[in-house]
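Student: Line by line, the protein sequences give chains Z and W.
Using this note's numbering, the final residue of the first sequence is 159, and nothing's skipped along the way.
Using this note's numbering, the final residue of the second sequence is 242, and nothing's skipped along the way.
Virtual Cβ for every residue (Gly too), placed ideally from N, Cα, C.
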Amino acid sequence: MSEPVHVDRYLDAKGQMCPMPVIAVKKAMKDLERGQVIAIAATDRGACRDIPAWAEQTGHKLITWDEQSGVFTFYVEKAGWEDE
Amino acid sequence: MTIDTERDTLQPAMDLDRLIDERVEAALAKRLDAMVAERIAKATKRDPAKRTAAIIASKGTLDMAYPPLILATAAAAMEMEVGVFFTFYGLNILRKGGPKKLKVAPIANPAMPVPMPNILGMLPGMTPMATTMMKGMFAKHNVVSVGELLKQAIELDVKLIACQMTMDVMGFKRKDLIDECEVGGAASFLSFASGAHTTLFI
Numbered sequence: 076m077s078e079p080v081h082v083d084r085y086l087d088a089k090g091q092m093c094p095m096p097v098i099a100v101k102k103a104m105k106d107l108e109r110g111q112v113i114a115i116a117a118t119d120r121g122a123c124r125d126i127p128a129w130a131e132q133t134g135h136k137l138i139t140w141d142e143q144s145g146v147f148t149f150y151v152e153k154a155g156w157e158d159e
Numbered sequence: 041m042t043i044d045t046e047r048d049t050l051q052p053a054m055d056l057d058r059l060i061d062e063r064v065e066a067a068l069a070k071r072l073d074a075m076v077a078e079r080i081a082k083a084t085k086r087d088p089a090k091r092t093a094a095i096i097a098s099k100g101t102l103d104m105a106y107p108p109l110i111l112a113t114a115a116a117a118m119e120m121e122v123g124v125f126f127t128f129y130g131l132n133i134l135r136k137g138g139p140k141k142l143k144v145a146p147i148a149n150p151a152m153p154v155p156m157p158n159i160l161g162m163l164p165g166m167t168p169m170a171t172t173m174m175k176g177m178f179a180k181h182n183v184v185s186v187g188e189l190l191k192q193a194i195e196l197d198v199k200l201i202a203c204q205m206t207m208d209v210m211g212f213k214r215k216d217l218i219d220e221c222e223v224g225g226a227a228s229f230l231s232f233a234s235g236a237h238t239t240l241f242i
């Protein structure tokens, strides 16, 4: 984590266990425009693997993530689908 | 003298030809590999089966109701099209008020995290006790209930299919099951599953 990422929406999934963080982020994605960034905060350790896997499968871009005292924050940019 | 000259001029030309051939071949092989990989990647990306999951939920205990619903909701969150076929005891999950009634059996379940001989699981009251314990453990760790997972599955458009044959055998009416499910048989599940790379029997 070097520069702060511009965040359009913040999603608090702290305390939620698998599979709720990915469900929450999938639902939150609906309200975002292409190119907008969502920050997801989670405490479920499984989310470290799940959010990147979710991003890879859905095509959204995981910009970066960080961890501060047990809270993982993932920064995901919503992808556009025009090129498909 | 003349022969020598001819050979001297001919040899480099042949070497050059061979060199060109080799280079072209190598470049072509490289380009072709990249093109083929690109085409395959594009095809698999478009492959709808990669984005489809077909799951069978065949168990009706509290512990075994979780895996199909967790995987179904996670797959749906990953933008996959998901169908869950509820058959045999798994059909209890789709009964109205069913998720609340699911129990975990301590008997013949040596993995049960209870420090007592497994045979005691046969005593009256042990199943409700084990069920309460497991629900407490899940709640303590913030794991959502089976009912909540089912609600999420419905919200995420997971296709819930109730097994017609099980309904007949167990005497369930359509109205005994939640409105959001549909009713089908082995063939309708298989027809759906034939278009899915991910198929799970739980």
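#1: So is residue 94 (chain W) in contact with chain Z if we call contact Cβ pairs under 8 Å?
#2: Three-state secondary structure (DSSP) at residue 171 (chain W)?
#3: Does the beta carbon of residue 90 (chain Z) sit closer than 8 Å to a beta carbon anywhere in chain W?
#4: Are the segment 86-93 of chain W and the segment 106-120 of chain W in contact at 8 Å, needing three or more beta carbon pairs?
#5: Using a cut-off of 7 Å between C-beta atoms, extract the partners of residue 94 (chain Z) located in chain W.
#6: Report the residue from W:87, W:97, W:145 and W:202 whose alpha carbon sits nearest the alpha carbon of residue 136 (chain W).
#7: Ends of the beta strand (DSSP E) at residue 143 (chain Z)?
#8: Quick check on the DSSP output: the alpha helix (DSSP H) that includes residue 101 (chain Z) runs from which residue to which?
#9: Using DSSP with H/G/I as helix, E/B as strand and the rest coil, what is residue 95 (chain W)?
#10: How long is the line joining the alpha carbons of residue 91 (chain Z) and residue 145 (chain Z), rounded to whole angstroms?
#11: Using a Cβ cut-off of 8 Å (strictly closer), state whether residue 97 (chain Z) contacts chain W.
#12: If we count the other Cβ atoms within 10 Å of its Cβ and call it buried at 16 or more, is residue 200 (chain W) buried or exposed?
#13: Mind checking whether residue 146 (chain W) and residue 167 (chain W) have CB atoms under 8 Å apart?
#14: With DSSP as the reference, identify every bridge partner of residue 87 (chain Z), one or two as the case may be.
#15: Residues of chain W with a CB under 7 Å from the CB of residue 129 (chain Z): which are they?
#16: Measuring only the C-alpha atoms, how far is residue 222 (chain W) from residue 116 (chain W)?
#17: Counting only beta-carbon atoms, is residue 136 (chain Z) nearer than 8 Å to chain W?
#18: If the cut-off is 9 Å on Cβ atoms, which residues from the segment 194-218 of chain W count as contacting chain Z, listed in chain order?
#19: Does any C-beta atom of chain W lie closer than 8 Å to the C-beta of residue 132 (chain Z)?
#20: For residue 80 (chain Z) versus residue 150 (chain Z), is the C-beta distance shorter than 8 Å?
#21: Terminal residues of the continuous alpha helix (DSSP H) containing residue 141 (chain W)?
#22: For residue 218 (chain W) versus residue 96 (chain W), is the C-beta spacing smaller than 8 Å?
#23: Give a yes or no on whether 8 Å exceeds the smallest Cβ distance from residue 101 (chain Z) to chain W.
#24: Does residue 261 (chain W) come within less than 8 Å of chain Z when only Cβ atoms are used?
#25: Can residue 114 (chain Z) and residue 134 (chain Z) be called in contact, C-beta distance under 8 Å?
#26: For the segment 180-195 of chain W, which residues have a beta carbon sitting closer than 7 Å to at least one beta carbon of chain Z?
#27: Pull up the distance between the alpha-carbon of residue 179 (chain W) and that of residue 186 (chain W), whole angstroms please.
#28: For a cutoff of 8 Å on Cβ pairs, would you count residue 106 (chain Z) as touching chain B?
#29: Taking residue 119 (chain Z) as the reference, which of W:225, W:182, W:234 and W:209 has the closest Cα?
Tutor: For this structure:
#1: Position 54 of the second sequence, counted from the first residue, corresponds to residue 94 (chain W). No, residue 94 (chain W) lies away from the interface with chain Z (no Cβ there is under 8 Å from its Cβ).
#2: Here residue 171 (chain W) is taken as the residue at index 131 of the second sequence, counted from 1. Helix at residue 171 (chain W).
#3: Reading the first sequence from its first residue, position 15 is the one you call residue 90 (chain Z). A Cβ of chain W is located within less than 8 Å of the beta carbon of residue 90 (chain Z).
#4: Yes, the segment 86-93 of chain W is in contact with the segment 106-120 of chain W.
#5: Along the first sequence, read from residue 1 onward, the residue named residue 94 (chain Z) stands at position 19. Within chain W, the residues near residue 94 (chain Z) are 110, 113, 114 and 117.
#6: Taking the second sequence and counting its residues from 1, the one referred to as residue 136 (chain W) is at position 96. For residue 136 (chain W), the nearest C-alpha among the options comes from W:202.
#7: Position 68 of the first sequence, counted from the first residue, corresponds to residue 143 (chain Z). Here the beta strand (DSSP E) through residue 143 (chain Z) covers 136-143.
#8: By one-based count along the first sequence, residue 101 (chain Z) stands at place 26. Start and end: 95-104.
#9: What you label residue 95 (chain W) is simply residue 55 of the second sequence in a count that begins at 1. In the three-state DSSP reduction, residue 95 (chain W) falls in the strand class (E or B).
#10: Locating residue 91 (chain Z) in the first sequence gives position 16, where the first residue counts as 1. Locating residue 145 (chain Z) in the first sequence gives position 70, where the first residue counts as 1. Approximately 13 Å between the Cα atoms of the pair.
#11: Here residue 97 (chain Z) is taken as the residue at index 22 of the first sequence, counted from 1. At least one C-beta of chain W is nearer than 8 Å to the C-beta of residue 97 (chain Z).
#12: As a first step, residue 200 (chain W) is located in the second sequence; it is residue number 160 there, counting from the start. Looking at its Cβ environment, which holds 16 or more other Cβ atoms inside 10 Å, residue 200 (chain W) is buried.
#13: For the purposes of this step, residue 146 (chain W) is identified with residue 106 of the second sequence, where counting begins at 1. For the purposes of this step, residue 167 (chain W) is identified with residue 127 of the second sequence, where counting begins at 1. Yes, the Cβ-Cβ distance between residue 146 (chain W) and residue 167 (chain W) is below 8 Å.
#14: Translated into the one-based positions of the first sequence, residue 87 (chain Z) becomes position 12. Beta-bridge partners assigned by DSSP to residue 87 (chain Z): Z:116.
#15: The residue labelled residue 129 (chain Z) in the question sits at position 54 within the first sequence. The contacting residues are 117 and 118.
#16: Here residue 222 (chain W) refers to the residue found at position 182 when the second sequence is read from its first residue. Here residue 116 (chain W) refers to the residue found at position 76 when the second sequence is read from its first residue. Approximately 18 Å, taken between the alpha carbons.
#17: As a position in the first sequence, residue 136 (chain Z) is number 61, starting the count at 1. Output row for residue 136 (chain Z): interface = no.
#18: Here the close residues are 195 and 196.
#19: Within the first sequence, numbered from 1, the residue matching residue 132 (chain Z) stands at position 57. Yes - at least one Cβ of chain W is within 8 Å of the one on residue 132 (chain Z).
#20: Here the question's residue 80 (chain Z) lines up with position 5 in the first sequence. Here the question's residue 150 (chain Z) lines up with position 75 in the first sequence. Yes, they are a contact pair.
#21: Your numbering for residue 141 (chain W) matches position 101 in the second sequence. For residue 141 (chain W), the enclosing alpha helix (DSSP H) covers residues 138-141.
#22: Taking the first residue of the second sequence as position 1, residue 218 (chain W) is located at position 178. Taking the first residue of the second sequence as position 1, residue 96 (chain W) is located at position 56. Residue 96 (chain W) sits away from residue 218 (chain W), with the two beta carbons spaced by 8 Å or more.
#23: Working through the first sequence from its first residue, we reach residue 101 (chain Z) at position 26. Yes, residue 101 (chain Z) counts as interfacial toward chain W.
#24: Since the first residue of chain W shown is 41 and the last is 242, residue 261 (chain W) is not available in this structure.
#25: The residue labelled residue 114 (chain Z) in the question sits at position 39 within the first sequence. The residue labelled residue 134 (chain Z) in the question sits at position 59 within the first sequence. Result no, Cβ atoms of residue 114 (chain Z) and residue 134 (chain Z) do not sit closer than 8 Å.
#26: Those residues of the segment 180-195 of chain W that come within reach of chain Z (Cβ to Cβ, closer than 7 Å) are 181, 182, 183, 184 and 192.
#27: Locating residue 179 (chain W) in the second sequence gives position 139, where the first residue counts as 1. Locating residue 186 (chain W) in the second sequence gives position 146, where the first residue counts as 1. Approximately 11 Å between the Cα atoms of the pair.
#28: In summary, chain B is missing from the structure at hand, where the protein chains are Z and W.
#29: One-based indexing of the first sequence puts residue 119 (chain Z) at position 44. Of the candidates W:225, W:182, W:234 and W:209, the one whose C-alpha sits nearest the C-alpha of residue 119 (chain Z) is W:182.
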